[in-house]
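Here my numbering is used: the first residue of the sequence shown is -18, the next is one more, and so on.
The C-beta atom is built at its ideal place from N, Cα and C for all residues, glycine as well.
I have placed the structure first, in the form of structure tokens, so that the comments after it can refer back to it.
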Amino acid sequence: MKGIFFIRFILVVALVAAVLAPFTFLIPQPLVNVTSGENVPTPVKVVVPIVEKVKVIEKPLHQVNLPDFAAIYDIPTKKRQFFSFIRPAIEDKNNELSQDRTQLEYWQGQISLGLGLTEEEQASLQTLIKVYRINKEASTLQQIDDLLVRVDIIPTSLVLVQAANESAWGTSRFARIGLNFFGIWCYKTGCGMVPGGRNTGAKHEVAAFQSVDAAVSGYFNNINKHNAYHMFRTIRAELRAQDQPLDAEILATGLLPYSERGAHYVLDITDMLRHNQRYFVKSNSQQSILAD
């Protein structure tokens, strides 16, 4: 009997072992067989040093006491002060062009009547021909006609809004450091400021000026001389021929080449012309200063 019970016991144990065998994988196994005498390596914490960016402060390339337009938070005040700051240089340049134009019209009349020019007048004419790149082989009358297309004013309001647009109301780096309010480029090494996003291999710089007058003259020379603005000058000459006022919005349509944005740029300029009308009028303080 004992033998039978023993055999049954063995069979039960074997049966239980057979049933539990497939589930032995559920028993957790130690990942590392560590004995009490082993040294476990301590994880190394990598410390990444924090590098602070050093802000480079550029020194102005001019001696002009430029207002801190960025510190003026009231928008109407900022607009008035910016326009008041740059307007005198624009008006001076337009007055200079008006005087040259009056002289050219006088010479045109003299030659049309069969009268010649004095040596002094001829010398002055030759200077303008050289400055404005007029064909030296053309007749004197044709040279004067060509000069009258180029030697002309640009509406103050148009110049003001272009300056505001290009310089972010006098707050841009190029305006602060180089008095470049119009985004004018130059192509000689060291002639200005290297733009941060300039493509590899590009040579252009953003021109730097020593005075506001020089900056404004650079803008006028660009519009009145560069071949890209032939259409602008043609529109202006046509308005003159029809005895029409030089409308800033009409003339703005000739500025398509001024920006890579093309028509969108022109739309921005015309929109600024419409929304800043009240700032184009001189303040009472400015008018009283001029009267004195």
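Helix or strand or just coil, what does DSSP make of residue i?
i, result
"W150", "coil"
"G90", "helix"
"V142", "helix"
"A119", "coil"
"V262", "coil"
"P57", "helix"
"G235", "helix"
"T99", "coil"
"H43", "coil"
"A(-5)", "For A(-5), the predicted structure reports a pLDDT of 47, less than 50, and the residue's modelled location is therefore unreliable. A value from the coordinates is still provided. Three-state DSSP puts A(-5) in a helix."
"N161", "coil"
"Q84", "helix"
"H207", "coil"
"P48", "coil"
"Q62", "helix"
"I(-12)", "Per-residue confidence for I(-12) stands at a pLDDT of 41, beneath the threshold of 50, marking its modelled position as unreliable; no derived number is given."
"V199", "Val is not the amino acid found at residue 199; the sequence shown has Gly there. G199 falls in the helix class under three-state DSSP."
"D73", "helix"
"V132", "coil"
"I250", "helix"
"T137", "helix"
"L227", "coil"
"R221", "helix"
Can you list, in chain order, the residues of its chain with a C-beta nearer than 6 angstroms to that of residue i? Leave out the 5 residues immediately preceding and following it.
i, result
"I67", "A144"
"Q167", "With the sequence shown as reference, residue 167 is identified as Cys, and Gln is not the correct amino acid for it. Result list for C167: G173, E186, A188, in chain order."
"L94", "none"
"Q258", "none"
"A218", "V130"
"S148", "A156, F162"
Select from the options the residue whose C-alpha is nearest the C-alpha of residue i.
i, options, result
"W150", "L47, E39, K40", "L47"
"L122", "D55, Y239, I92", "I92"
"I134", "N180, K74, L85", "K74"
"N208", "N180, Y239, F190, K184", "Y239"
"A183", "L96, K169, A195", "K169"
"V247", "Q258, G235, I216", "G235"
"G90", "S198, L129, T58", "L129"
"S79", "P57, R131, G177", "R131"
"P176", "S192, F163, R154", "R154"
"E101", "Y113, N76, Q84, N116", "Q84"
"I125", "I71, E86, V193", "E86"
"F163", "G171, G178, N146, R179", "N146"
"P41", "R221, I204, S192", "S192"
"D194", "N76, L109, G97, G178", "N76"
"E39", "F261, R157, I204", "R157"
"T275", "V262, P226, G97, D81", "Limits of the chain in this structure are -18 at one end and 273 at the other, which puts residue 275 out of reach."
"R97", "W88, D127, F63", "For clarity, residue 97 is Gly in the given sequence; the question names Arg instead. Comparing Cα-Cα distances from G97 to each of W88, D127, F63, the minimum goes to W88."
Ignore the nearest five residues each way along the sequence and tell me which others in residue i's own chain have a CB closer than 7 angstroms to its CB.
i, result
"T152", "F50, A51"
"M212", "G235"
"K59", "F50, I53, W150"
"V142", "I250, M253, L254, N257"
Per the DSSP calculation, residue i is bridged to which residue(s)?
i, result
"M212", "The partner list for M212 (beta bridge, DSSP) is empty, contrary to what the question assumes."
"V187", "W166, M174"
Keeping to the same chain, check which residues put their C-beta closer than 8 angstroms to that of residue i; ignore five residues upstream and five downstream.
i, result
"I8", "Any reading at I8 needs caution, since the residue's pLDDT is 46, under 50, leaving its predicted position unreliable; the model's value is listed next. Here the set comprises nothing."
"L139", "A229, L232, A233, I250, L254"
"F190", "H43, G159, L160, N161, A196, G199"
"E72", "T137"
"I216", "I231, L232, T234, G235"
"N203", "F163, I165, Y210"
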